[in-house]
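Asker: This is the structure I have questions about; it appears just below.
Protein chains: 2
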Amino acid sequence: MQRIPFAEIQATLAGVLLKLGFSSARAQHCAQLFTQTTCDGVYSHGVARFPRFVAMIHNGNVHVETEPTLVTHFGAVERWNGNRGPGNLNAWASMDRAIALAREHGIGFVALADTNHWMRGGTYGWQAADAGMIGICWTNTLPNVPAWGGVEPCLGNNPLVIAVPRAAGHVVLDMAMSQFSYGALESYSRRGQMLPVDGGFNAAGDLTRDPAAILASNRALPIGYWKGSGLSTVLDMIAAMTSLGIATHQLGSDPLQEAGTSQVFFAIHPASLGPADQSARIVDEIVASLHRSPAAQPDAPIRYPGERTLQIRAENLVLGIPVDPDLWQQILAL
Amino acid sequence: MQRIPFAEIQATLAGVLLKLGFSSARAQHCAQLFTQTTCDGVYSHGVARFPRFVAMIHNGNVHVETEPTLVTHFGAVERWNGNRGPGNLNAWASMDRAIALAREHGIGFVALADTNHWMRGGTYGWQAADAGMIGICWTNTLPNVPAWGGVEPCLGNNPLVIAVPRAAGHVVLDMAMSQFSYGALESYSRRGQMLPVDGGFNAAGDLTRDPAAILASNRALPIGYWKGSGLSTVLDMIAAMTSLGIATHQLGSDPLQEAGTSQVFFAIHPASLGPADQSARIVDEIVASLHRSPAAQPDAPIRYPGERTLQIRAENLVLGIPVDPDLWQQILAL
């Protein structure tokens, strides 16, 4: 890994985006979101995704200069069309609207149709929490997990993000509905390692920790078996039915053609429900209770979701952000 | 199992509640919610819970005639105090308020502090869906699952309910954050059966399907390992911080003392976002796509969450509701 300063990565990505027709402000923002994701240690969904993002601009699925448009609104809810614009900018704009609605109504809800891959979902959780809001959002995806009892991928891994604002570091859960992503399965398989827990089925239909067997059967496991299968289903339903957009079953299996997805964004303003110092204390006490609880391995204390982010972010800002040299060469050539 | 008509069960339970000081209308409603749960096939959380519910009236944790009171409201959000009233009536009243707020604002959110066990969470999902709403609600609970990396129960299993209205049968997910409840572990253990998938850790700290080993170690597994651990954490945070109520770590391990829990209720009115026939078609098409997807066992097609409920309900209304004879004698003696 080479370590590259945040500003250099952002400027490089923005330069590519400018050449592709982005306006200056949108290029900077889009590049910043990619860079921040890698800076925060979510290496799978930041700079590493940039080449695919560019490929989807070239293949016509991502429209660089379209912005989301408001279709309908009622009270604290709005429905937007993403017009196949850049997924991260669309999602950012949508959470921004949910936050504005929450300031006005205590809660805000935005449904977004016809958008594109939002890259790292946690980004919009951090966005809400930075605004002092509880943020909840999810997206549907192409089918990549069999439903419980099924043998072919028919559910999306539909990442779900839930963020809680906290002065000492937001709590941000960002989890897909599959136990392991295909990227993770490939990475274990390349290293010749078994998964730490069952991750899917082998060709005989038995649960297995063997990543190669799961890649061969194409039967990854939803979290909690039947439970994650159900959760993925209802998340897809709500995203598609409120945005009047595309559902998972309408998407094919090619990630380069995963366009037009549906997303929802909730923001809740805790300060509209009571004194902010009181709700903050409650969250801090829950964190303290987790830290007090005995760990199975004394050197691995229990962590809350997102706990390591601020530390990784700080390190990467000081030392430079780790980027794979081949990836970086690939980006410099775009 | 003996089969008892719905009306007879409801009248019997209502009779007990009247003796305990419930007003007539509240006794009927509370008894109806218990009976409907068993009628719907959720045998663990209906009539079977009634003796414990009565015990918690006797031990002073459930106050029969207190109703929830509005503490604060702002736009589409309200905060209520449950005043330790009957958990199912409190939860019903709260989802009712969320529905009313959603009619007015497109979305409604109610946070409820100081309430009691809501029995079957799915009840309030069905309630929202019957009103044409998407319903989302969850409760925190006493600590009964270790966090990922921990050895002592410090998280609640915090059931999460997500309901989608559908003319041909609502889609209702009702799932706890533990892979198996302690009731289920005990039931497998009594029958001398292994669990179908890993359900927790044995004394050596290894994942196991042996229910007796998990009961001995007290280390049940959250769904999706680290993922359900994180999800349980943020659900507890949001319930406690918005209601300004009790968090899981403040509750002990005795179910008879599990009083004062925190809950949240969301309702979203799909009709406020677009034509109802369009959103209904989207949901029906997702259901159809699941039914089309090939099943691992041809006689066990893929089901959506709650799919069997209407059929079980209809059967039990015709044939009578199955109740364990010993349980029924116990209830008749109350």
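Here the protein sequences come in this chain order: A and B.
Final position of the first sequence in the numbering used here is 341; the numbers increase by one with none missing.
Final position of the second sequence in the numbering used here is 341; the numbers increase by one with none missing.
C-beta: ideal position from N, C-alpha, C; glycine also.
In this text, all values refer to a predicted model and were calculated from it rather than measured experimentally.
Ordered along the chain, which non-local residues of its own chain (more than five positions away) have a Cβ less than 6 Å from that of residue 181 (chain A)?
Answerer: Answer for residue 181 (chain A): 128, 129, 168, listed in chain order.
Asker: Could you check whether the Cβ of residue 187 (chain A) sits closer than 8 Å to any Cβ belonging to chain B?
Answerer: Output row for residue 187 (chain A): interface = no.
Asker: Let's test the definition: count the other Cβ atoms within 10 Å of the Cβ of residue 207 (chain A) and tell me whether it reaches 16, buried, or not, exposed.
Answerer: Residue 207 (chain A) should be labelled buried.
Asker: Would you say residue 49 (chain B) faces chain A, with C-beta separation under 8 Å as the test?
Answerer: It does not; no Cβ of chain A falls within 8 Å.
Asker: Rounded to a whole number of angstroms, what is the C-alpha to C-alpha distance between residue 301 (chain B) and residue 234 (chain B)?
Answerer: Cα-Cα distance, rounded: 28 Å.
Asker: Which runs of the beta strand (DSSP E), 3 residues or longer, sit entirely within the segment 177 to 218 of chain B?
Answerer: With a minimum length of 3 residues, the continuous beta strand (DSSP E) runs that stay inside the segment 177 to 218 of chain B are 178 to 182.
Asker: Would DSSP call residue 11 (chain A) helix, strand or coil?
Answerer: In the structure shown, residue 11 (chain A) sits in a strand (DSSP, three-state: E or B).
Asker: Kindly indicate the opening and closing residues of the beta strand (DSSP E) around residue 167 (chain B).
Answerer: 167 to 171 is the extent of the beta strand (DSSP E) around residue 167 (chain B).
Asker: Going by beta carbon distance, what residues of the same chain come within less than 7 Å of residue 159 (chain A), once the five residues before and after it are set aside?
Answerer: Around residue 159 (chain A): 153.
Asker: If I measure Cβ to Cβ from residue 143 (chain B) and keep anything under 6 Å in the same chain, skipping five residues before and after, which residues do I get?
Answerer: 169, 273, listed in sequence order.
Asker: What residues are listed by DSSP as bridge partners for residue 84 (chain A)?
Answerer: In the DSSP output, where bridge partners are listed per residue, residue 84 (chain A) has A:81, A:116.
Asker: Around the C-beta of residue 124 (chain A), are 16 or more other C-beta atoms found within 10 angstroms, so that it is buried, or is it exposed?
Answerer: Per the 10 Å Cβ criterion, buried.
Asker: My guess is that residue 13 (chain A) and residue 46 (chain A) are in contact by the Cβ rule of under 8 Å, so how many angstroms apart are they, rounded?
Answerer: Right, the Cβ-Cβ distance comes to about 6 Å (below 8 Å), so this counts as a contact.
Asker: Starting from the Cα of residue 110 (chain B), find the closest Cα among B:82, B:35, B:89 and give me that residue.
Answerer: Out of B:82, B:35, B:89, B:82 has the C-alpha closest to the C-alpha of residue 110 (chain B).
Asker: Taking residue 316 (chain A) as the reference, which of A:78, A:248, A:43, A:68 has the closest Cα?
Answerer: That would be A:43, whose Cα lies nearest to the Cα of residue 316 (chain A).
Asker: Run down chain A in chain order and give the residues with a C-beta less than 7 Å from the C-beta of residue 290 (chain B).
Answerer: Result: 244, 248.
Asker: So does the segment 263 to 271 of chain B actually touch the segment 48 to 64 of chain B, counting three or more Cβ pairs closer than 8 Å?
Answerer: Because the criterion of three Cβ pairs below 8 Å is met, the segment 263 to 271 of chain B and the segment 48 to 64 of chain B touch.
Asker: Measuring straight from C-alpha to C-alpha, what distance separates residue 173 (chain B) and residue 117 (chain A)?
Answerer: Going by the C-alpha atoms only, they are around 21 Å apart.
Asker: To the nearest angstrom, how far is the alpha carbon of residue 268 (chain A) from that of residue 148 (chain A)?
Answerer: Rounded to the nearest angstrom, the two C-alpha atoms are 6 Å apart.
Asker: Taking only three categories from DSSP, how would you classify residue 323 (chain A)?
Answerer: Looking at residue 323 (chain A) - three-state DSSP - the assignment turns out to be helix.
Asker: Do residue 184 (chain B) and residue 239 (chain B) have their beta-carbon atoms positioned less than 8 Å apart in this structure?
Answerer: Taking 8 Å as the Cβ cut-off, residue 239 (chain B) and residue 184 (chain B) qualify as a contacting pair.
Asker: So for residue 306 (chain A), helix, strand or coil by DSSP?
Answerer: Coil.
Asker: Rounding to the nearest angstrom, what Cα-Cα distance links residue 146 (chain A) and residue 257 (chain A) in this structure?
Answerer: One C-alpha to the other measures close to 14 Å.
Asker: Looking only at its chain, what residues have a beta carbon closer than 6 Å to the beta carbon of residue 34 (chain B), apart from the 5 residues adjacent to it on each side?
Answerer: Cβ within range, chain order: 21, 24, 25.
Asker: Pick helix, strand or coil for residue 125 (chain B), following the three-state DSSP scheme.
Answerer: Residue state, collapsed to three classes: coil.
Asker: Could you tell me whether the Cβ atoms of residue 88 (chain A) and residue 76 (chain A) are closer together than 8 Å?
Answerer: Against a cut-off of 8 Å, the Cβ pair of residue 76 (chain A) and residue 88 (chain A) comes out as a contact.
Asker: Among residues of its own chain, excluding the 5 on either side of residue 27 (chain B), which ones have a beta-carbon nearer than 6 Å to its beta-carbon?
Answerer: Within the same chain, residue 27 (chain B) has close Cβ partners 64, 71.
Asker: Given this structure, state the Cα-to-Cα distance separating residue 232 (chain A) from residue 232 (chain B), to the nearest angstrom.
Answerer: Cα to Cα, residue 232 (chain A) sits roughly 11 Å from residue 232 (chain B).
Asker: From which residue to which residue does the alpha helix (DSSP H) around residue 155 (chain A) run?
Answerer: Run containing residue 155 (chain A): none; DSSP gives neither H nor E here.
Asker: I want to see whether chain A comes within less than 8 Å of residue 325 (chain B), judged by CB atoms only; does it?
Answerer: It does not; no Cβ of chain A falls within 8 Å.
Asker: Can the beta-carbon of residue 171 (chain B) be found less than 8 Å from the beta-carbon of residue 271 (chain A)?
Answerer: Their beta carbons are not under 8 Å apart, which means residue 171 (chain B) does not touch residue 271 (chain A) by this criterion.
Asker: Between residue 152 (chain A) and chain B, is there a C-beta pair that is closer than 8 Å?
Answerer: For residue 152 (chain A), the answer is no, since every Cβ of chain B falls outside 8 Å of its Cβ.
Asker: Check each candidate in B:135, B:226, B:103 and name the one with the smallest Cα separation from residue 156 (chain B).
Answerer: Here the closest residue by C-alpha is B:226.
Asker: Residue 182 (chain B) touches chain A at which residues, Cβ-Cβ below 8 Å?
Answerer: 231, 234, 237, 238, listed in chain order.
Asker: Work out the CA separation of residue 327 (chain B) and residue 166 (chain A) for me, nearest whole Å.
Answerer: So the two alpha carbons sit approximately 42 Å from each other.
Asker: Against chain A, does residue 195 (chain B) count as a neighbour if the rule is that its beta carbon must be under 8 Å from one of theirs?
Answerer: No, residue 195 (chain B) lies away from the interface with chain A (no Cβ there is under 8 Å from its Cβ).
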